[in-house]
Each structure stands twice: as C-alpha cells, then as structure tokens.
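*Asks:* Next up is a structure, given as structure tokens.
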Amino acid sequence: MTLLLDSPLDMHLHLREQEMLRLVAPFSAAQFAGGVIMPNLVQPVDSLPRLRDYRAAIIAACGPEPFTPYMTLFFRDYSRAELLAARDEVIGLKLYPAGITTQSEAGVADFDRIGTTVALLEELDIPLLVHGETAGFVMDREREFLAVYQWLAETFPRLRIVMEHITTAEAVAVLERYDNIAATVTLHHLMITLDDVAGGLLQPDLFCKPIAKTPRDREALRQAVFRGHPRLLFGSDSAPHPRDKKECCGCAAGVFSAPVALPMLAQLFEEADCLERLSAFVSGNARQFYRITPPQKPVGLQRAAWRVPELYGSVRAFLAGQELRWSLAGSGEAKV
Ligand SMILES: [Zn+2]
C-alpha cells in the first residue's frame, strides 16, 4: 500500500546552523515541500540580511531536494518600514517570551510593550507565531499563557495568530473560540505524556519545551487532530541537539523527529482510522491559514517496515531503535 501526499509541509522546524544544519536539513527536505524555519539561532534572525544568509545556507544544506524554507524573523520592536521591506520574504514573526526556551534570551520581557509592533503586523497582514508559555510552574505554563492569546485575538481581530506546539486541552478550547487563531501540533505531543519523559528512567531524548503533559491533554490533542480540525497544522518542532548536550547534567530541550515525521504520522492516523485526513493536517490546513501555495512536490509513503537508526551523526532521533510500519517511498531505509 502506498500513500501519496501533495506537497507536505512542516510548519515549525529548527534546522540550526553550520554542521548541524547540514546534518539535519536533508531529512526534512526528503519528506516535505517546505517548512517554517524558527529564528532562535545563537544570534537570533532579526534582520533581513541575516534572514537571507540563513535561507541561502538552508537551501544549500538541502542539496538537490527542492525545499522551500518559509522564513520567520525573531520578534522585537520593528518599524513599519522594516516590516514592509520584510513582508514578502517572511511567513511571519516568531515571538518568544524572554528566557523561556532554547536561545530565547532576547525575547519579550514585557507584553504591555508589544502592541505597536503587533498592530503593524495586523495592518500589514503578517502572521504572528508565538511560543506561548509563561515562566510559571512547568506543567501550568501553557495554560497560564492562554490569556495572552485571547488578548491578542480580541485586540487584533484581523491578525493571524499561530499558537505554536500546543500541548493542552485548554489550548484546544481557545483554538475553537477564535477564527484568527491556528495552532501547530508536534508528532511527539500526539504520542507521549510526562510519564514517558520522567515516569521511569529519565528519557533525555523526550525532554522538550513545552514539556509533555497529561494523558487527558494528549487525548484532547489527538481528538482535535484526528477529527480534522481545519486550523490545526502539523509542525514537528524537530529540534536536534548533539548527544553530549542531551546526556549530561543540564539536558537541552528538544526532540529530533525530522527523520520519522511522516512515516510515524501515517501510522498514527492509520491507527485512528483517519488516514484520509493526514493530507489536510500536513498540508491543506497550513496552505489555507497562511495563504501559501508551495511548489508541487508529491511525497510517497509505503507500508513497508523499517527500524529507526540509533544515531544520525551525533544526534539520537525520536523513536530511535523502534520499528515503524510506514516508510518513505524510495527511501532505501533498511527494511526489517
Ligand atoms: Zn520550536
């Protein structure tokens, strides 16, 4: 059995730089027509020259595979002129609360002061992508941030807002309430709860921000995704770290899911008996909300089992060592 997806998109992706970029970009390019590239590099992507350099490096790292990097600028105060100049080259601005996740120190410390730039985004029709967590107790951070989303959605009703990597039942409820809000959902948050991370022996490869939540939260996400909510978009949040940054004191947050994203999603949708809805989740919904038309790139999946390698270079992937039922057509992955 094969499944042909029409230009699948990963709407939340960390590709890093230099050697790591060259290692991980081909996995996304092999599966996706394009992806939304996160700007939280060591030096944030917060100017057009820097954005152009980074886009060129990504395209070079993808090699011969066609892949459209949909670029984002790191949120700061921007002038109207800056945003006008950037509008045709970005898919949106990415807002991080200060210090909340990997390389977000330059993020927003005071939400009372973002109104001017956000109003410009609304006027210029540039989407706002948000890492929505407070600095509160780790399990409550997303819930506590939901008031900010509601304030944004109501104060700027024409602004398109994306709640990135939602993990809670309450976030799904907010999504239902506002037409100008969409949300990305990761593969791993559809699969794991906090129990998988820390209920037994600690699993550094599953440690991420936002932290995986309760079975009830996971069920709410699954229900909304598998029922085909039109404003839920797949965003892997694939975020590679070398093993020595994961298996150490002070484990870095991030799950490297790029190599397994589409095969595992196909398996999940098949198990939920809704394989016909996969295409909207990984492409159609994103095209509609973001109003983008990615270049034509059919991607085939086949029902042929393979085992996820233990390591990709210096990085352990999500589901390393496990057997998956679906594989990329023509991928040449070791069959089991
Ligand atoms: Zn992310």
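For the sequence shown, my numbering begins at 904 and goes up steadily by one.
By construction, the Cβ of each residue, glycine as well, lies at the ideal position given by its N, Cα and C atoms.
The structure displayed is predicted, hence computed values, not measured ones.
Looking at ligand 1, does it come within less than 8 Å of Asp-1140, judged from the CB to the closest heavy atom?
*Replies:* At least one heavy atom of ligand 1 is nearer than 8 Å to the Cβ of Asp-1140, so yes.
*Asks:* Identify which residue in Ala-960, Leu-1031 and Pro-1162 has its Cα closest to the Cα of Ala-1223.
*Replies:* The candidate whose alpha carbon is nearest that of Ala-1223 is Pro-1162.
*Asks:* Give the single residue among Leu-918, Met-904 and Met-923 whose Cα lies nearest to the Cα of Pro-1145.
*Replies:* Nearest of Leu-918, Met-904 and Met-923 to Pro-1145, Cα basis: Met-923.
*Asks:* Near Pro-1197, which residues of its chain fall below 8 Å by C-beta distance, leaving aside the five closest residues on each side in sequence?
*Replies:* Excluding sequence neighbours, Pro-1197 sits near Ser-910, Leu-912, Ala-936, Gly-937, Thr-971, Ser-1186 and Arg-1190.
*Asks:* Looking only at its chain, what residues have a beta carbon closer than 7 Å to the beta carbon of Ala-1237, apart from the 5 residues adjacent to it on each side?
*Replies:* Its pLDDT being 43, under 50, Ala-1237 is placed unreliably by the model, and nothing is read from it.
*Asks:* What is the DSSP secondary structure of Leu-907, counted as helix, strand or coil?
*Replies:* Strand, per DSSP.
*Asks:* Along the chain, where does the beta strand (DSSP E) that runs through Pro-1201 open and close?
*Replies:* 1201-1205 is the extent of the beta strand (DSSP E) around Pro-1201.
*Asks:* Would you mind sorting Cys-1152 into buried or exposed? The rule is 16 or more other CB atoms within 10 Å of its CB.
*Replies:* Cys-1152 comes out exposed.
*Asks:* If you run the structure through DSSP and keep just helix, strand and coil, what is Phe-1110?
*Replies:* Three-state result, Phe-1110: coil.
*Asks:* Please report the distance separating the alpha-carbon of Ala-1123 from that of Arg-925.
*Replies:* Each residue's Cα considered, the two are about 36 Å apart.
*Asks:* To which residues of the same chain is Phe-1048 closer than 6 Å at the C-beta, ignoring the five residues directly before and after it?
*Replies:* Here the set comprises Gly-1035, Glu-1036 and Thr-1037.
*Asks:* Going by other Cβ atoms of all chains shown within 10 Å of its Cβ, with 16 needed for buried, is Asp-1120 buried or exposed?
*Replies:* Label assigned to Asp-1120: buried.
*Asks:* Run through the region 973-1003 for me and flag every whole alpha helix (DSSP H) of 4 or more residues, listed as ranges in chain order.
*Replies:* Complete alpha helix (DSSP H) runs here, min 4: 983-989.
*Asks:* From the DSSP output, which residues share a beta bridge with Phe-1137?
*Replies:* Phe-1137 pairs with Val-1088.
*Asks:* Using only alpha-carbon positions, find the residue among Leu-1023, Met-1167, His-1092 and Tyr-999 that is nearest to Asp-1013.
*Replies:* Of the candidates Leu-1023, Met-1167, His-1092 and Tyr-999, the one whose C-alpha sits nearest the C-alpha of Asp-1013 is Tyr-999.
*Asks:* Can you tell me where the beta strand (DSSP E) holding Ile-1064 begins and where it ends?
*Replies:* Where Ile-1064 is concerned, the enclosing beta strand (DSSP E) stretches over 1064-1066.
*Asks:* Output the distance between the C-alpha atoms of Glu-1079 and Pro-1133, rounded to the nearest integer angstrom.
*Replies:* Cα to Cα, Glu-1079 sits roughly 10 Å from Pro-1133.
*Asks:* For Asp-1147 versus Val-1158, is the C-beta distance shorter than 9 Å?
*Replies:* Not a contact, by the Cβ cut-off of 9 Å.
*Asks:* Between which two residues does the beta strand (DSSP E) harbouring Met-914 extend?
*Replies:* It spans 912-916 - the beta strand (DSSP E) in which Met-914 sits, taken as one unbroken run.
*Asks:* Any chance the CB of His-1034 is under 8 Å from a heavy atom of ligand 1?
*Replies:* Yes, since a heavy atom of ligand 1 falls inside the 8 Å radius drawn around the Cβ of His-1034.
*Asks:* Can Met-1066 be considered in contact with ligand 1, in the sense that its beta carbon sits closer than 8 Å to one or more heavy atoms?
*Replies:* No.
*Asks:* Helix, strand or coil for Met-923? Go by DSSP, reduced to three states.
*Replies:* Note: Met-923 maps to helix in three-state DSSP.
*Asks:* Is the CB-CB distance between Ile-1114 and Val-1128 below 9 Å?
*Replies:* Cβ distance not < 9 Å, so Ile-1114 and Val-1128 don't count as in contact.
*Asks:* Look up Gly-1233 in the DSSP assignment and say whether it is helix, strand or coil.
*Replies:* DSSP places Gly-1233 in coil when its eight states are reduced to three.
*Asks:* Taking all protein chains shown into account, decide if Asp-1108 is buried (16 or more other Cβ within 10 angstroms of its Cβ) or exposed.
*Replies:* Result: buried.
*Asks:* Where DSSP assigns a beta bridge to Val-939, which residues make up the other side?
*Replies:* The partner list for Val-939 (beta bridge, DSSP) reads Tyr-973.
*Asks:* Should Leu-1032 and Leu-996 be called a contact, given that it needs their Cβ atoms to be closer than 9 Å?
*Replies:* Against a cut-off of 9 Å, the Cβ pair of Leu-996 and Leu-1032 comes out as a contact.
*Asks:* Quick check on Pro-959: buried or exposed, where buried means 16 or more other Cβ atoms within 10 Å of its Cβ?
*Replies:* Reading the sequence as shown, one finds Ala at residue 959 and not Pro. Flag for Ala-959 reads exposed.
*Asks:* Which residues bound the alpha helix (DSSP H) around Val-1077?
*Replies:* Its alpha helix (DSSP H) spans residues 1072-1080.
*Asks:* Pick helix, strand or coil for Phe-1158, following the three-state DSSP scheme.
*Replies:* According to the sequence provided, residue 1158 is Val. The question's Phe does not apply to it. If DSSP states are grouped into helix, strand and coil, Val-1158 belongs with the strands.
*Asks:* Does the beta-carbon of Met-923, which I'm using as the reference point, lie nearer than 8 Å to any heavy atom of ligand 1?
*Replies:* Every heavy atom of ligand 1 is 8 Å or more from the Cβ of Met-923, so no.
*Asks:* Arg-1044 by DSSP, collapsed to three states: which one?
*Replies:* DSSP places Arg-1044 in helix when its eight states are reduced to three.
*Asks:* On the DSSP letters alone, give me the boundaries of the alpha helix (DSSP H) that Leu-1027 sits inside.
*Replies:* Leu-1027 -> alpha helix (DSSP H) spans 1018-1027.
*Asks:* Taking only three categories from DSSP, how would you classify Arg-1210?
*Replies:* DSSP places Arg-1210 in strand when its eight states are reduced to three.
*Asks:* Less than 9 Å between the C-beta atoms of Arg-979 and Thr-1005, yes or no?
*Replies:* It is not a contact, given that the beta carbons lie outside the stated cut-off.
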